[in-house]
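To keep things clear, I will list the structure first and then write my remarks on it.
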Amino acid sequence: MNVGEFREKGVACIQDAVKLDEAGKFAEAVKRYQEGVEQLIAFIRYVKDDSQRKFFSERVSGYLDRIKYLKGVGGSPSGGGGGAATARPGDKGAEESPDAEGARLEGALAGAIVSEKPNVKWTDVAGLATAKTALKEAVILPQRFPELYMGKRSPIKGILLYGPPGTGKSYLAKAVATEADSSFFSISSSDVMSKWQGESERLVRSLFKMARDRKPAIIFIDEIDSMCGARGDGQSESSRRVMTEFLVQMQGVGKGEDGVLVLGATNIPWGIDSAMRRRFEKRVYIALPETAARRAMFGIHIGDTDNDLTKEDLEVLAIMSEGMSGSDISVAVREALRMPIRRCQTATHFVRMHDGKFCPVPPGTPGATAMTIMEVPPRMLAVPRVTMEDFYVVMKKAKSSVGSEELTKYDEWTREFGEEGA
């Protein structure tokens with residue numbers, strides 16, 4: 398088992414333990430906490446990164462406190478399944494120490510910490526020059542050149558990326574996680590919303606505390622509208638409390654809490670509460686890619702797959718794909734790359750090449766043998782190149798996933814509140 402597997406298994410055990418803990422199944426929770434601690438101790442023993450060793454050592458200490466506390470309320474594994482202890486920790490009659498509660502909350506958020514870089518570089522993201530510049534100003538430059546941010550000049554503390562689905566908002570966040578020498582927390586509503594009253598707010602506070610303890614840090618909140626929607630009659634009391642806590646914590650980020658950036662992403666910016674919108678001083682529209690960006694996307698997604706496309710072909714594809722999102726283009730390219738597989742499957746004739754491999758050919762080709770792909774010996778198939786004809790077939794069927802009415806709504810919101818990210 399490699400070092401990373403110890404960490405991943407440990408985090409998975411801790412997350413299971415937290416769910417059991419919240420459900421009042423204390424004996425089972427203790428067992429999973431112990432399994433998680435064992436894995437994390439092994440990770441700490443072998444990991445070479447001092448910051449990770451320090452961070453997980455602190456977490457293990459908290460989990461051990463939690464185990465001790467749960468055993469005290471009837472969670473001993475020898476107690477026959479946790480029996481009579483059904484009260485939720487933190488309720489009256491089962492006072493929870495601050496350290497134990499902190500460990501439990503941080504355990505619930507352990508999966509949000511991106512420990513390994515996603516390996517998405519700036520060059521992998523086509524276009525979006527303005528968005529990249531804003532992110533570099535907020536994340537990269539303050540670390541490398543702190544002298545740029547002296548006196549009243551301070552880094553950006555909040556950036557909102559908005560736009561149609563599939564335009565690269567989450568992909569940009571992965572590039573930030575790769576390029577920045579920062580702790581990276583990736584959060585969605587499922588990470589912080591709890592059925593227990595008051596628990597969600599505590600999770601939000603714990604999230605920001607963890608980020609401040611590990612700064613420089615980036616908190617990426619995907620689909621932020623699901624947690625911080627516009628206040629109205631349809632919003633539940635628990636959702637209002639969670640949003641209020643986010644507002645309080647983000648206000649703290651903006652007042653002297655250097656080193657923490659909040660990066661939000663949403664497909665429906667008009668659904669975000671106005672107070673939350675104001676917390677993001679940069680609101681960047683991630684629009685549908687322009688021609689040059691689409692051309693680059695085709696090249697990136699084709700990669701080193703064997704093909705006979707020319708620069709002129711890529712230009713044609715960029716024009717044909719007008720109105721398509723980055724995700725739409727990715728799907729189209731994957732479909733085109735599968736076309737040689739289908740040619741092999743439907744072929745009725747193959748010709749033997751100079752290297753002994755068999756290549757599918759039309760019937761009547763000189764030297765061709767009537768056979769199917771299943772008659773080709775294993776590892777002896779000469780895979781045909783991807784051709785422009787393959788792309789023509791796919792692009793004739795390809796459709797944009799974004800409607801013109803949606804784009805009009807994004808344009809109107811951008812004119813009022815945002816800025817172009819291209």
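Per the numbering used here: the sequence shown = residues 398 to 819.
We put the CB at the ideal spot given by N, CA and C, even for glycine.
Would DSSP call residue i helix, strand or coil?
{"i": "Val536", "result": "helix"}
{"i": "Ser551", "result": "coil"}
{"i": "Asp619", "result": "strand"}
{"i": "Leu461", "result": "helix"}
{"i": "Ser722", "result": "coil"}
{"i": "Ser583", "result": "strand"}
{"i": "Ala570", "result": "helix"}
{"i": "Tyr559", "result": "strand"}
{"i": "Ala614", "result": "strand"}
{"i": "Gly800", "result": "coil"}
{"i": "Gly626", "result": "strand"}
{"i": "Leu417", "result": "helix"}
Closest to residue i by C-alpha separation, out of the options, would be which residue?
{"i": "Glu788", "options": "Val713, Tyr807, Glu803", "result": "The residue you asked about is not Glu; residue 788 is Phe in the sequence shown. For Phe788, the nearest C-alpha among the options comes from Val713."}
{"i": "Thr688", "options": "Phe542, Tyr568, Arg776, Met717", "result": "Met717"}
{"i": "Val730", "options": "Gly407, Ile699, Thr564, Leu558", "result": "Ile699"}
{"i": "Asp725", "options": "Gly565, Thr641, Ala424", "result": "Gly565"}
{"i": "Met792", "options": "Asp705, Pro552, Phe695", "result": "Phe695"}
{"i": "Leu461", "options": "Gln449, Gln540, Gln431", "result": "Gln431"}
{"i": "Thr769", "options": "Ala795, Ser798, Arg739, Val790", "result": "Arg739"}
{"i": "Leu660", "options": "Arg611, Ile556, Asp588, Ser801", "result": "Ile556"}
{"i": "Ala570", "options": "Leu525, Gln540, Ser551", "result": "Leu525"}
{"i": "Gly433", "options": "Cys410, Phe440, Glu419, Val415", "result": "Cys410"}
{"i": "Glu817", "options": "Lys465, Ala528, Thr805", "result": "Ala528"}
{"i": "Val799", "options": "Val758, Asn704, Gly720", "result": "Gly720"}
{"i": "Phe440", "options": "Val415, Met777, Glu419, Lys406", "result": "Lys406"}
{"i": "Cys741", "options": "Pro757, Asp752, Gly753, Val748", "result": "Pro757"}
{"i": "Leu437", "options": "Asp418, Thr707, Gly753, Val457", "result": "Val457"}
{"i": "Thr805", "options": "Lys422, Met640, Val400, Ala684", "result": "Ala684"}
{"i": "Asp418", "options": "Ser448, Lys445, Ser797, Ile464", "result": "Ile464"}
{"i": "Met640", "options": "Leu532, Gly656, Val589", "result": "Val589"}
{"i": "Leu711", "options": "Arg692, Leu538, Asp447", "result": "Arg692"}
{"i": "Asp619", "options": "Lys422, Val645, Gly563, Asp610", "result": "Gly563"}
{"i": "Val573", "options": "Trp519, Ile553, Pro539, Pro552", "result": "Trp519"}
{"i": "Phe643", "options": "Lys514, Asp446, Ala672", "result": "Ala672"}
{"i": "Val743", "options": "Pro781, Val408, Arg450", "result": "The amino acid occupying residue 743 in the given sequence is Thr; Val does not appear at that position. Closest option to Thr743, Cα to Cα, is Pro781."}
Counting contacts by CB-CB distance shorter than 9 Å, is residue i in contact with chain B?
{"i": "Arg637", "result": "Here there is only one protein chain, and chain B is not present."}
Exposed or buried, residue i, counting other C-beta atoms within 10 Å across all chains shown (16 or more means buried)?
{"i": "Pro561", "result": "buried"}
{"i": "Pro774", "result": "exposed"}
{"i": "Tyr682", "result": "buried"}
{"i": "Phe403", "result": "buried"}
{"i": "Tyr807", "result": "buried"}
{"i": "Ser597", "result": "buried"}
{"i": "Gly626", "result": "buried"}
{"i": "Ala674", "result": "The identity of residue 674 in the sequence shown is Arg, whereas the question assumes Ala. It counts as buried."}
{"i": "Ala765", "result": "buried"}
{"i": "Pro760", "result": "exposed"}
{"i": "Leu467", "result": "buried"}
{"i": "Leu545", "result": "exposed"}
{"i": "Pro666", "result": "buried"}
{"i": "Ala662", "result": "buried"}
{"i": "Lys796", "result": "exposed"}
{"i": "Ala767", "result": "exposed"}
{"i": "Val408", "result": "buried"}
State yes or no: is the C-beta of residue i within less than 9 Å of the C-beta of residue j?
{"i": "Pro613", "j": "Ser583", "result": "no"}
{"i": "Pro686", "j": "Ser727", "result": "no"}
{"i": "Ser636", "j": "Met624", "result": "yes"}
{"i": "Gly575", "j": "Val536", "result": "Reading off the sequence, residue 575 comes out as Thr, not Gly. No, they are not a contact pair."}
{"i": "Ile621", "j": "Leu658", "result": "no"}
{"i": "Ala779", "j": "Phe755", "result": "yes"}
{"i": "Val783", "j": "Met736", "result": "yes"}
{"i": "Asn664", "j": "Tyr568", "result": "no"}
{"i": "Phe677", "j": "Gly649", "result": "no"}
{"i": "Asp670", "j": "Arg602", "result": "no"}
{"i": "Lys679", "j": "Ala523", "result": "no"}
{"i": "Asp705", "j": "Met785", "result": "yes"}
{"i": "Phe453", "j": "Arg611", "result": "no"}
{"i": "Gly753", "j": "Met771", "result": "no"}
{"i": "Arg609", "j": "Gly656", "result": "yes"}
{"i": "Val400", "j": "Ala414", "result": "no"}
{"i": "Pro552", "j": "Leu538", "result": "yes"}
ask   = What are the complete alpha helix (DSSP H) segments, minimum 4 residues, inside the segment 650-703?
value = As far as the segment 650-703 is concerned, its whole alpha helix (DSSP H) runs of at least 4 residues are 671-676, 688-699.
message = Please give me, in chain order, every unbroken run of the beta strand (DSSP E) with length at least 3 that falls completely inside the segment 727-789.
response = 746-749, 755-758, all fully within the segment 727-789.
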